[in-house]
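Okay, so here's the structure we're looking at.
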Amino acid sequence: SLLGICLITQILTGLFLAMHYTADTQSAFSSVAHICRDVNYGWLVRNIHANGASLFFICIYLHIGRGLYYGSYMFTETWNIGVILLFLVMATAFVGYVLP
(Lines of atoms letter the chains of each structure in order from A and count residues from 1; the text may use other names and numbers.)
(Lines give C-alpha, C1' and ligand atoms only; values in the text may rest on other atoms or scores of the structure.)
Protein backbone atom coordinates (compact mmCIF):
# COMPACT_ATOMS: atom_id res chain seq x y z
CA SER A 1 0.00 0.00 0.00
CA LEU A 2 1.06 3.58 -0.50
CA LEU A 3 0.94 4.35 3.22
CA GLY A 4 3.38 1.53 3.96
CA ILE A 5 5.77 2.62 1.23
CA CYS A 6 5.65 6.23 2.45
CA LEU A 7 6.22 5.17 6.06
CA ILE A 8 9.18 2.93 5.22
CA THR A 9 10.67 5.67 3.03
CA GLN A 10 10.28 8.21 5.82
CA ILE A 11 11.93 5.92 8.37
CA LEU A 12 14.86 5.04 6.10
CA THR A 13 15.55 8.59 4.92
CA GLY A 14 15.17 9.85 8.49
CA LEU A 15 17.77 7.35 9.68
CA PHE A 16 20.18 8.34 6.91
CA LEU A 17 19.71 12.02 7.72
CA ALA A 18 20.14 11.40 11.45
CA MET A 19 23.53 9.81 10.78
CA HIS A 20 24.90 13.17 9.63
CA TYR A 21 22.73 15.67 11.54
CA THR A 22 24.05 17.54 14.59
CA ALA A 23 21.45 18.86 17.03
CA ASP A 24 23.78 21.42 18.60
CA THR A 25 22.44 24.95 18.18
CA GLN A 26 25.79 26.24 16.94
CA SER A 27 26.30 23.63 14.24
CA ALA A 28 22.79 22.49 13.20
CA PHE A 29 22.65 24.67 10.09
CA SER A 30 26.15 23.71 9.01
CA SER A 31 25.30 20.02 9.44
CA VAL A 32 22.33 20.45 7.09
CA ALA A 33 24.61 22.22 4.62
CA HIS A 34 27.08 19.34 5.03
CA ILE A 35 24.32 16.84 4.22
CA CYS A 36 23.32 18.74 1.09
CA ARG A 37 26.85 19.42 -0.19
CA ASP A 38 29.22 16.72 1.02
CA VAL A 39 27.14 13.56 1.51
CA ASN A 40 26.57 11.52 -1.64
CA TYR A 41 22.99 12.25 -2.77
CA GLY A 42 22.34 13.97 0.56
CA TRP A 43 20.31 16.66 -1.16
CA LEU A 44 18.11 13.95 -2.68
CA VAL A 45 17.62 12.14 0.64
CA ARG A 46 16.68 15.43 2.31
CA ASN A 47 14.19 16.33 -0.42
CA ILE A 48 12.66 12.84 -0.40
CA HIS A 49 12.26 13.04 3.37
CA ALA A 50 10.69 16.51 3.25
CA ASN A 51 8.31 15.81 0.38
CA GLY A 52 7.60 12.27 1.56
CA ALA A 53 6.02 13.68 4.70
CA SER A 54 3.52 15.62 2.61
CA LEU A 55 2.80 12.58 0.47
CA PHE A 56 2.33 10.49 3.62
CA PHE A 57 -0.33 12.87 4.93
CA ILE A 58 -2.04 13.01 1.53
CA CYS A 59 -2.25 9.21 1.59
CA ILE A 60 -3.65 9.33 5.14
CA TYR A 61 -6.32 11.84 4.10
CA LEU A 62 -7.23 9.69 1.09
CA HIS A 63 -7.53 6.70 3.42
CA ILE A 64 -9.84 8.67 5.72
CA GLY A 65 -11.88 9.85 2.74
CA ARG A 66 -12.30 6.28 1.56
CA GLY A 67 -13.49 5.33 5.05
CA LEU A 68 -16.02 8.17 5.02
CA TYR A 69 -17.25 7.23 1.55
CA TYR A 70 -17.82 3.58 2.45
CA GLY A 71 -19.35 4.34 5.86
CA SER A 72 -16.60 2.85 7.99
CA TYR A 73 -17.36 5.41 10.71
CA MET A 74 -20.23 3.12 11.73
CA PHE A 75 -17.64 0.81 13.32
CA THR A 76 -17.08 3.24 16.19
CA GLU A 77 -14.33 1.36 18.02
CA THR A 78 -12.22 0.91 14.91
CA TRP A 79 -12.91 4.48 13.78
CA ASN A 80 -11.94 5.93 17.17
CA ILE A 81 -8.68 3.98 17.17
CA GLY A 82 -7.97 5.41 13.72
CA VAL A 83 -8.65 8.94 14.97
CA ILE A 84 -6.27 8.37 17.88
CA LEU A 85 -3.61 7.08 15.46
CA LEU A 86 -4.15 10.16 13.26
CA PHE A 87 -3.61 12.45 16.24
CA LEU A 88 -0.46 10.52 17.20
CA VAL A 89 0.92 10.81 13.66
CA MET A 90 0.18 14.54 13.61
CA ALA A 91 1.83 15.02 17.01
CA THR A 92 4.88 13.05 15.89
CA ALA A 93 5.18 15.12 12.71
CA PHE A 94 4.85 18.34 14.71
CA VAL A 95 7.51 17.31 17.22
CA GLY A 96 9.79 16.12 14.41
CA TYR A 97 9.38 19.46 12.67
CA VAL A 98 9.73 21.75 15.69
CA LEU A 99 12.36 20.06 17.87
CA PRO A 100 15.30 19.85 15.45
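Take the sequence shown: its letter number 10 is residue 10 in full-length UniProt numbering, and every next letter is one higher.
Beta carbons are placed, not taken as given, at the ideal position from N, Cα and C, and that holds for glycine.
All figures in this text were calculated on a predicted structure; none of them were measured in a lab.
Asked, Found
"Can you tell me where the alpha helix (DSSP H) holding Tyr61 begins and where it ends?", "42 to 69"
"Kindly indicate which three-state DSSP category Gln10 falls into: helix, strand or coil?", "helix"
"Should Leu87 and Leu7 be called a contact, given that it needs their Cβ atoms to be closer than 8 Å?", "The sequence shown places Phe at residue 87, rather than the Leu named in the question. Against a cut-off of 8 Å, the Cβ pair of Leu7 and Phe87 comes out as no contact."
"Can you give me the start and stop residues for the alpha helix (DSSP H) that Thr78 sits inside?", "76 to 98"
"Taking the alpha helix (DSSP H) that Val32 falls in, what are its first and last residues?", "28 to 37"
"So, under 8 Å CB-CB, Gly52 and Thr76 are touching, yes? Tell me the CB distance rounded to an integer number of Å.", "In fact, because the Cβ distance is near 32 Å, the residues do not count as touching under 8 Å."
"In this structure, how does DSSP classify Tyr21 when only helix, strand and coil are distinguished?", "coil"
"Between Ile60 and Val89, is the Cβ-Cβ spacing less than 8 Å?", "yes"
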